[in-house]
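Trainee:
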């Protein structure tokens, strides 16, 4: 039987509902993959007695507990004190922790406030978990049957410490039989359409099928039990990914490190040594924003109206022929930028329609690449932030589809091995 | 003292981390506003014994408990059975509930699967909560000191039943006195510096002080008990906001609807009828992206190098005098864009330094506004996504500080009433 694990989140912002506890979900996924059975999540606020009582409870019923939050410098950060009280381990000053906290401020040219000294007080005998990403060190301690790990509540710091330190420590401490989670990442297709496509595939009862939908992607998840045969796993993933065709932009969990849609585009652009210039409308900077730190993005431009854009490019534009206008903008941009790929997103409607959450707006996207135009029409709906995000992702996805189709061999990833035999990159949507 | 309330979420998808429990956060916010003290969130999976044990526990320690999930038609939906077992209330067939479930399918021209019959089995004596939005009726039952409310886990159904039925029922059952939460939102100052500044202020013991830090803002939260005198509340908020000075960009909870930093800038730009053109570097589109749907943003531009930018603007630029270069870029942009405000963010370093999470980079920002240059130097550190986000926010904050200082009367918000008497908008950081 798998060892049991609980998640314990501390903070008034969580129990009062000001913050959605995404840490608990993220940690649970990690724990399940490692081979734990996650039995409970609990969140409590900043009351010392509640914290002490909860630590007590958990120490009697779980084999492991990951706790987040309450390690900050302020007076409502009570985790270390609660541990000291619940497990009878007096707080002691940790000189090395203190030196690291001080160094954090020195590195940033800032003076260390006196209140941060508190973060160097750790329960006696606890194992310090260095935090290279923030000021609060974590710590771990065994009490009764349970191994407790205390991590900061800031998601980026929590994740970094977990991935770098806790994962291997858990593996050493517990006899774990990890299952394998494969996530097939798609853009542009909804959960129920995916479900319908998959319905025809025979998924063995011991493989758990799940979905995770966000605005940015839908992940189709296959959780394989420990020691599931490799060949069977690859065949099933290939069948599922194959039926989803070129909606698939990455496959996670087969050894390849993958990321989001922008990461896939970045890998493909780098490998193909291309350069890009972008003209945005509805995405208003976000398309460029998603490609942060990319050397291949030479320039981007946003103008609040088609008239302004036409004037800047010295073009006579027609609102009668929007696809033609998008092409003309692409050519002018190619000339002035010297980039070999040009991505133009044209929205010719007015601002009120864009801002109206009940109105759907149409975007004319054109990609100039490989000496040809690749036009596409997208429509986006919902509140402005959603429209902006979808507009950016759809334009980026046009680029991804082109690159994935024309340069499958630069895709140094398992996606090719999986998709090509099944699917041979069928006709794209252009 | 406020009655205590717990949130209990049921479902394997929650404990395994496949679903982030947004229901718990939403319900908690509602409960806090109504005047409950939310003491705990707990999530467990589909094991009957865990459910029974948890219901038992909660019935001894909370005055009210809102439970979501586990009311569906499938075999892993065990909530009603767990209630029957924990509270010794045998399940009984509810003919009216059954008729409603059948009607739901008739209305949709679908045949009712036999498994849905199970949803009409309710614990003896429980009060049925009709669900006009889905198939699963909720129910409520008193056991020991606690009033339990069971709602479906589908967020839209849960919210609809809560808002239409539970809110008023809670108000009738409990003697509720809503407290007031005031959040002072700042940018550019850390949690521990805030704590230090506030240390000198005498905060009455009955007012709860808390903090919520994210990359985009730090909120200093004051939770006032019911019937706290208005004058005392305003004075305390003014004292706290005053000591934080012009780091404060908004104050939430005093009647004004406020938002994030970009929202504040949007309100100020609209009120002042200004227009803006932007030149970005490290923020790479994100600065424009944060201002989505703004009519006052005329244009934005990103060029991957200072050389490219200089060529496009036909400027001879000097890397010796970066503040001077930023000013020259601002003037050229003013001429070509016609905007009355120009915001230039200049990064003159190389891409590797920007991408290196251990390297701090320096940005020269200049705002052209009111016929004058307002230069500032910012430094950003951390991984590229963090640098990008901070760069965008810092530039936006330069604009916010200028607007808040020069046009306090267009700030149609309580921030002015609170800050001006205490602080008189002291010297800005420019």
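Chains as they are written, first to last, in the working numbering: chain A, -5 to 424; chain B, -5 to 424. A virtual CB, placed ideally from N, CA and C, is assigned to each residue, including glycine. Quantities reported herein were computed from a predicted structural model and do not represent experimental measurements.
Could you check if residue 406 of chain B is buried or exposed, using at least 16 other CB atoms within 10 Å of its CB as the buried criterion?
Mentor: Locating residue 406 of chain B in the second chain gives position 412, where the first residue counts as 1. Note that residue 406 of chain B scores a pLDDT of 42, beneath 50, so its modelled location is shaky; the value from the coordinates is reported in the next line. Exposed, since its Cβ has fewer than 16 Cβ neighbours within 10 Å.
Trainee: Determine, using beta carbons only, whether residue 448 of chain A and residue 63 of chain B come nearer to each other than 8 Å.
Mentor: Because chain A here runs from -5 to 424, residue 448 of chain A falls outside it and cannot be looked at.
Trainee: For residue 278 of chain B, name the three-state secondary structure that DSSP assigns.
Mentor: Taking the second chain and counting its residues from 1, the one referred to as residue 278 of chain B is at position 284. Reduced to three states, the DSSP call for residue 278 of chain B is coil.
Trainee: Is residue 296 of chain B helix, strand or coil by DSSP?
Mentor: On the second chain, residue 296 of chain B is found 302 positions in, with the first residue counted as 1. DSSP places residue 296 of chain B in strand when its eight states are reduced to three.
Trainee: Would the beta-carbon of residue 294 of chain B fall within 8 Å of that of residue 341 of chain B?
Mentor: The residue given as residue 294 of chain B occupies position 300 in the second chain. The residue given as residue 341 of chain B occupies position 347 in the second chain. Cβ distance not < 8 Å, so residue 294 of chain B and residue 341 of chain B don't count as in contact.
Trainee: Which stretch, first to last residue, makes up the beta strand (DSSP E) that contains residue 179 of chain A?
Mentor: Here residue 179 of chain A is taken as the residue at index 185 of the first chain, counted from 1. Where residue 179 of chain A is concerned, the enclosing beta strand (DSSP E) stretches over 174 to 180.
Trainee: How would you list, in chain order, the residues of chain A whose beta-carbon sits under 8 Å from the beta-carbon of residue 90 of chain B?
Mentor: For this step, residue 90 of chain B is matched to residue 96 along the second chain. Chain A residues near residue 90 of chain B: none, gap ~31 Å exceeds 8 Å.
Trainee: Go to residue 0 of chain B, then tell me how far its beta strand (DSSP E) extends in each direction, as first and last residue.
Mentor: The sequence position of residue 0 of chain B within the second chain is 6, counting from 1. Run containing residue 0 of chain B: -2 to 4, per the beta strand (DSSP E) assignment.
Trainee: Beta carbons nearer than 7 Å to chain B: which residues of the region 370 to 401 of chain A have them?
Mentor: Going along the region 370 to 401 of chain A in chain order, one finds 378, 379, 382 with a Cβ nearer than 7 Å to chain B.
Trainee: Helix or strand or just coil, what does DSSP make of residue 50 of chain A?
Mentor: In the first chain, residue 50 of chain A corresponds to position 56, counting from 1. Helix, per DSSP.
Trainee: Counting C-beta neighbours from all protein chains within 10 Å, is the total for residue 244 of chain A 16 or more, i.e. buried, or is it exposed?
Mentor: The residue labelled residue 244 of chain A in the question sits at position 250 within the first chain. Per the 10 Å Cβ criterion, buried.
Trainee: List, in chain order, every chain A residue whose beta-carbon is nearer than 8 Å to that of residue 298 of chain B.
Mentor: Residue 298 of chain B sits at position 304 when you count from the first residue of the second chain. By Cβ distance, chain A contributes 289, 291, 292, 293.
Trainee: Keeping to the same chain, check which residues put their C-beta closer than 7 Å to that of residue 377 of chain A; ignore five residues upstream and five downstream.
Mentor: Indexing the first chain from 1 puts residue 377 of chain A at position 383. If we look at residue 377 of chain A and ignore the five residues flanking it on each side, its Cβ neighbours are 351.
Trainee: Which residues of the region 44 to 69 of chain A have a Cβ closer than 7 Å to any Cβ of chain B? Give them in chain order.
Mentor: Those would be 44, 66, 67, 68, in chain order.
Trainee: Per DSSP, residue 215 of chain B forms a beta bridge with which residues?
Mentor: Against the second chain, residue 215 of chain B aligns to sequence position 221. Answer is B/177, B/204.
Trainee: Compute the beta-carbon to beta-carbon distance between residue 65 of chain B and residue 74 of chain B, rounded to the nearest angstrom, for a pair I have assumed lies under 8 Å.
Mentor: Residue 65 of chain B sits at position 71 when you count from the first residue of the second chain. Residue 74 of chain B sits at position 80 when you count from the first residue of the second chain. With 8 Å as the limit, residue 65 of chain B and residue 74 of chain B qualify as a contact, their Cβ atoms being about 7 Å apart.
Trainee: Could you give the distance in angstroms between the alpha-carbon of residue 416 of chain A and the alpha-carbon of residue 235 of chain A?
Mentor: On the first chain, residue 416 of chain A is found 422 positions in, with the first residue counted as 1. On the first chain, residue 235 of chain A is found 241 positions in, with the first residue counted as 1. With a pLDDT of only 43 at residue 416 of chain A, under the threshold of 50, the placement of this residue in the model should not be trusted; the figure read from the coordinates follows. Rounded to the nearest angstrom, the two C-alpha atoms are 9 Å apart.
Trainee: Verify the CB distance criterion: does residue 195 of chain B have a CB-CB separation below 8 Å to chain A?
Mentor: One-based indexing of the second chain puts residue 195 of chain B at position 201. So, not an interface residue.
Trainee: Let's see if you can read the secondary structure: which residues bound the beta strand (DSSP E) around residue 245 of chain B?
Mentor: Looking up residue 245 of chain B in the second chain gives position 251. Residues 242 to 246.
Trainee: Using 8 Å as the threshold, is the C-beta distance between residue 36 of chain A and residue 0 of chain A below it?
Mentor: Counting from 1 along the first chain, the entry for residue 36 of chain A is found at position 42. Counting from 1 along the first chain, the entry for residue 0 of chain A is found at position 6. In contact: residue 36 of chain A and residue 0 of chain A (Cβ atoms closer than 8 Å).
Trainee: Nearest to residue 318 of chain B by CA position, among B/291, B/336, B/358, is which residue?
Mentor: On the second chain, position 324 is the one that residue 318 of chain B refers to. Answer by Cα proximity: B/358.
Trainee: Could you run through the region 329 to 352 of chain A and flag, in chain order, every residue whose CB is less than 7 Å away from some CB of chain B?
Mentor: The residues in question are 345, 348, 349.
Trainee: For residue 23 of chain B, which residues in chain A fall below 8 Å Cβ to Cβ?
Mentor: Translated into positions along the second chain, residue 23 of chain B becomes position 29. Neighbours of residue 23 of chain B on chain A, chain order: 10, 11, 12.
Trainee: Buried or exposed, going by whether 16 or more other CB atoms sit within 10 Å of the CB of residue 382 of chain A?
Mentor: Along the first chain, one-based indexing puts residue 382 of chain A at 388. Label assigned to residue 382 of chain A: buried.
Trainee: What first and last residue would you give for the alpha helix (DSSP H) that runs through residue 431 of chain A?
Mentor: In this structure chain A extends from -5 to 424, so residue 431 of chain A is not present and cannot be described.
Trainee: In the DSSP assignment, find the beta strand (DSSP E) that holds residue 185 of chain B and state where it starts and stops.
Mentor: Along the second chain, one-based indexing puts residue 185 of chain B at 191. First-last for residue 185 of chain B: 185 to 192, but that is the alpha helix (DSSP H), not the beta strand (DSSP E).
Trainee: Compare the Cα-Cα distances from residue 187 of chain A to each of A/171, A/265, A/169, A/241 and report the closest residue.
Mentor: As a first step, residue 187 of chain A is located in the first chain; it is residue number 193 there, counting from the start. Comparing Cα positions, the closest option is A/241.
Trainee: Distance cutoff 8 Å, beta carbons only. Does residue 38 of chain A sit that close to anything in chain B?
Mentor: Translated into positions along the first chain, residue 38 of chain A becomes position 44. So yes, residue 38 of chain A belongs to the interface.
Trainee: Mapping the DSSP letters down to three states, classify residue 86 of chain B as helix, strand or coil.
Mentor: Taking the second chain and counting its residues from 1, the one referred to as residue 86 of chain B is at position 92. In this structure, residue 86 of chain B counts as strand in the three-state DSSP scheme.
Trainee: Which of the residues in the region 204 to 231 of chain A, read from start to end, lie with their CB under 7 Å from any CB of chain D?
Mentor: Chain labels in this structure do not include chain D; the protein chains are A and B.
Trainee: Mind reading off the beta-carbon distance from residue 360 of chain A to residue 343 of chain A? Whole number of angstroms is fine, and I expect it under 8 Å.
Mentor: Translated into the one-based positions of the first chain, residue 360 of chain A becomes position 366. Translated into the one-based positions of the first chain, residue 343 of chain A becomes position 349. Contact doesn't hold; Cβ gap of about 17 Å is too wide.
Trainee: Tell me the rounded alpha-carbon separation between residue 175 of chain B and residue 176 of chain A.
Mentor: Position 181 of the second chain, counted from the start, is the residue given in the question as residue 175 of chain B. Position 182 of the first chain, counted from the start, is the residue given in the question as residue 176 of chain A. Distance between the alpha carbons of residue 175 of chain B and residue 176 of chain A: 43 Å.
Trainee: Using three-state DSSP, classify residue 8 of chain B as helix, strand or coil.
Mentor: Sequence index remark: in the second chain, residue 8 of chain B carries index 14 (1-based). In this structure, residue 8 of chain B counts as helix in the three-state DSSP scheme.
Trainee: Is residue 122 of chain B helix, strand or coil when you go by DSSP?
Mentor: Locating residue 122 of chain B in the second chain gives position 128, where the first residue counts as 1. Strand at residue 122 of chain B.
Trainee: Measure how close the beta-carbons of residue 271 of chain A and residue 312 of chain A come, nearest whole angstrom, since I'm counting them as under 8 Å.
Mentor: By 1-based counting over the first chain, the position of residue 271 of chain A is 277. By 1-based counting over the first chain, the position of residue 312 of chain A is 318. At roughly 22 Å, the Cβ-Cβ gap does not stay under 8 Å, so residue 271 of chain A and residue 312 of chain A are not in contact.
Trainee: Could you please tell me which residues of the region 120 to 134 of chain A, in chain order, have their CB closer than 7 Å to any CB of chain B?
Mentor: Correct list: empty, as no residue qualifies.
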